[in-house]
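Asker:
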Amino acid sequence: MAYSDKVIDHYENPRNVGSFAKDEEGVATGMVGAPACGDVMKLQIKVGPNGVIEDAKFKTYGCGSAIASSSLVTEWVKGKTLAEAATIRNTQIAEELALPPVKIHCSILAEDAIKAAVADYRKKYGEDDAAKRAAD
Amino acid sequence: MNPEFTRNHFELFGLPVAFALELEALERAYLDLQSRVHPDRFASAGESERRVAMQWATRANEAYRTLRNPLDRARYLLGLKGFDTGEESNTSMPADFLMQQMEWREAVEAGRAGDDPAALEAVRGELAAARREMQALLARALGGDRNYEAGCSLVRKLRFLDRLEEEIDDALEAASEGRP
Numbered sequence: 001m002a003y004s005d006k007v008i009d010h011y012e013n014p015r016n017v018g019s020f021a022k023d024e025e026g027v028a029t030g031m032v033g034a035p036a037c038g039d040v041m042k043l044q045i046k047v048g049p050n051g052v053i054e055d056a057k058f059k060t061y062g063c064g065s066a067i068a069s070s071s072l073v074t075e076w077v078k079g080k081t082l083a084e085a086a087t088i089r090n091t092q093i094a095e096e097l098a099l100p101p102v103k104i105h106c107s108i109l110a111e112d113a114i115k116a117a118v119a120d121y122r123k124k125y126g127e128d129d130a131a132k133r134a135a136d
Numbered sequence: 001m002n003p004e005f006t007r008n009h010f011e012l013f014g015l016p017v018a019f020a021l022e023l024e025a026l027e028r029a030y031l032d033l034q035s036r037v038h039p040d041r042f043a044s045a046g047e048s049e050r051r052v053a054m055q056w057a058t059r060a061n062e063a064y065r066t067l068r069n070p071l072d073r074a075r076y077l078l079g080l081k082g083f084d085t086g087e088e089s090n091t092s093m094p095a096d097f098l099m100q101q102m103e104w105r106e107a108v109e110a111g112r113a114g115d116d117p118a119a120l121e122a123v124r125g126e127l128a129a130a131r132r133e134m135q136a137l138l139a140r141a142l143g144g145d146r147n148y149e150a151g152c153s154l155v156r157k158l159r160f161l162d163r164l165e166e167e168i169d170d171a172l173e174a175a176s177e178g179r180p
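Residue numbers (this note's numbering), protein chains in the order written: chain A, 1 to 136; chain B, 1 to 180.
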C-alpha cells in the first residue's frame, strides 16, 4: 500500500516519542489497543497550571499509519486546553494524513487515545482541575 | 432437502449450543454430514439437487471451521446471544493488559533486532501461558457464569495475543532466514 508523504514523514521522523517520568506533575496517560490489528498506543499529556497542554509524548506499536496518527496528535494537542483536545476527531487525523479507508481505524485509535488521556487527567486531578491547581 | 440456514452451527451438527465442546463429537458429526451431502454422491443427480448438495457442503465446512477454533466458536456463540465482541471498534482495554502488551512487543522488537531466537521463544512461552489462562476464564464466562460481557472482553484480549504470536512467528522466521 502506498503511504502518503505525511505518513512517511511522521513515520520516519516521529515527533514526541517517549514517556514522562512517573511522578511528573500534571501528567496523564491514555492507553488504547485495537484487537483486530494488535496495535497498542500510549499517549501522555502534560498539563500546565493554566489548564493548557504543555507537552505530549507517545509510544505506539503498530503500522506506519498508527505511528503517524499518534505522532500527529501529540503535535496537535500542544497549546490546547483539555476541552479543545477532546474535540479532535479521527476524521481530521485521517484527512491530514490522507489515510486510505483500510487505515481509518488507526486514526480512530489515536482519537480514542487522546480522549483516554483527557479522561485520565480529569480522573486524577478532578473535573476542573486546572482552576483548582492554579488556586493552590 | 434444503440446507437449513435457519439452524445455527451447533444445531446443524446436533451439538448443544455451548462453548464447551468435544472436538471428537464435532469431528464425527461433521464427517457424517459431509458424507451425506458430498457433491460426489450427487454426480448423477439433477442440477438443482447438485446445487443444494453443494450448498450443504459449503455450509457444513463453514460451521465446522468456526466451531473447531475456540476463539471463533466463542465469537460465534456470543453473536447468537446478541453480543458483538467489538474487536473492530472497542479500543478501551484494561491498562495492565495493554502495559503487558507493550512490554511483550518491546521484547519481540529487541529479540528481532538482536537476532535472539531464545528471547523470542521466551515471549512465546509467556504468551502461551497467558492464553491458557484466558481460555479457562473464557470457558467459565461463557459456561456456568453466563457473563457475556466478560466473554467479549476475553475474546478481544485473545485476539490481541493471536496478533502478537503472528509477530513472534514472523520474527523467528526472519531470524532463521537471516533477514532483519
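Idealized CB from N, CA, C, for every residue including glycine.
For B/Arg131, decide whether its Cβ has a neighbour in chain A, counting only Cβ atoms nearer than 7 Å.
Answerer: no
Asker: Looking at C-beta atoms only, is the number of pairs between the stretch 53-73 of chain B and the stretch 37-45 of chain B that lie closer than 8 Å three or more?
Answerer: yes
Asker: How is B/Phe10 classed by DSSP in three states: helix, strand or coil?
Answerer: Residue state, collapsed to three classes: helix.
Asker: So, B/Arg159 versus B/Glu87, is the Cβ gap smaller than 7 Å?
Answerer: Contact flag set, yes.
Asker: Let me make sure I understand the geometry here. Which of B/Ala113, B/Glu133, B/Val17 and B/Gly144 has the alpha-carbon closest to that of B/Met175?
Answerer: According to the sequence shown, residue 175 of chain B is Ala rather than Met. Closest option to B/Ala175, Cα to Cα, is B/Ala113.
Asker: What three-state label does DSSP hand A/Gly30 in the structure shown?
Answerer: Reduced to three states, the DSSP call for A/Gly30 is strand.
Asker: Taking Cβ to Cβ, would you say B/Tyr148 is nearer than 7 Å to B/Phe42?
Answerer: no
Asker: Out of B/Asn61, B/Ser92, B/Arg132 and B/Thr6, state which residue places its alpha-carbon closest to the alpha-carbon of B/Asp162.
Answerer: B/Arg132
Asker: Return the chain-ordered list of same chain residues with a C-beta closer than 6 Å to the C-beta of A/Val73, the five sequence neighbours on each side being excluded.
Answerer: Listed in chain order, the non-local C-beta contacts of A/Val73 below 6 Å within the same chain comprise Ala110 and Ile114, local neighbours out to five positions each way being set aside.
Asker: How about B/Arg75: is its C-beta nearer than 7 Å to some C-beta of chain A?
Answerer: No, B/Arg75 lies away from the interface with chain A (no Cβ there is under 7 Å from its Cβ).
Asker: Quick one: is A/Leu109 near chain B, going by C-beta distance under 7 Å?
Answerer: yes
Asker: Buried or exposed: A/Lys42, going by 16 or more other Cβ atoms within 10 Å of its Cβ?
Answerer: Here A/Lys42 is buried: its Cβ has 16 or more other Cβ atoms, across all protein chains shown, within 10 Å.
Asker: Using the Cα positions of B/Tyr30 and B/Ala129, report the straight-line distance between them to the nearest angstrom.
Answerer: 31 Å
Asker: Compute the Euclidean distance between the alpha carbons of A/Arg89 and A/Leu82, then round it to the nearest angstrom.
Answerer: 14 Å
Asker: A/Asp23 CB to nearest chain B CB: under 7 Å?
Answerer: no
Asker: Specify the secondary structure class of A/Glu25 as computed by DSSP and reduced to three states.
Answerer: coil
Asker: Under 7 Å between C-beta atoms, does A/Gly33 make it to chain B?
Answerer: yes
Asker: Using a 10 Å radius around the Cβ and a threshold of 16 neighbouring Cβ atoms, would you call B/Arg65 buried or exposed?
Answerer: exposed
Asker: Roughly how many angstroms separate the alpha carbons of B/Phe13 and B/Thr91, rounded to a whole number?
Answerer: 35 Å
Asker: Starting from A/Thr60, trace the beta strand (DSSP E) both ways and give me its first and last residue.
Answerer: Ile53 to Tyr61
Asker: Spatial neighbours of B/Leu138 within its chain, please: C-beta separation below 8 Å, excluding the five flanking residues on both sides.
Answerer: Listed in chain order, the non-local C-beta contacts of B/Leu138 below 8 Å within the same chain comprise Phe19, Pro70, Ala74, Gly151, Leu154, Val155 and Leu158, local neighbours out to five positions each way being set aside.
Asker: If you draw a straight line from the alpha carbon of B/Glu167 to that of B/Ala107, how long is it in whole angstroms?
Answerer: In a straight line, the C-alpha of B/Glu167 is about 11 Å away from that of B/Ala107.
Asker: Under the assumption that A/Ile45 contacts A/Ala21 (Cβ atoms under 8 Å), give the Cβ distance between them as a whole number of angstroms.
Answerer: Rounded, the Cβ-Cβ distance is 14 Å, inconsistent with contact.
Asker: Excluding the five sequence neighbours on either side, which residues of its own chain have a C-beta within less than 8 Å of the C-beta of A/Thr91, listed in chain order?
Answerer: The residues are Ser107.
Asker: Using three-state DSSP, classify A/Lys74 as helix, strand or coil.
Answerer: The sequence given here places Thr at residue 74 of chain A; Lys does not occur at that position. A/Thr74 falls in the helix class under three-state DSSP.
Asker: Would you list the residues sitting across from A/Thr87 in a DSSP beta bridge?
Answerer: Answer by DSSP bridge pairing: none, since A/Thr87 is not bridged.
Asker: Name the DSSP bridge partner or partners of A/Lys80?
Answerer: According to DSSP, which records beta bridges pairwise, A/Lys80 is partnered with nothing at all.
Asker: To test your reading of the DSSP string, which unbroken alpha helix (DSSP H) runs of 4 or more residues are found completely within the stretch 109-149 of chain B?
Answerer: 117-142
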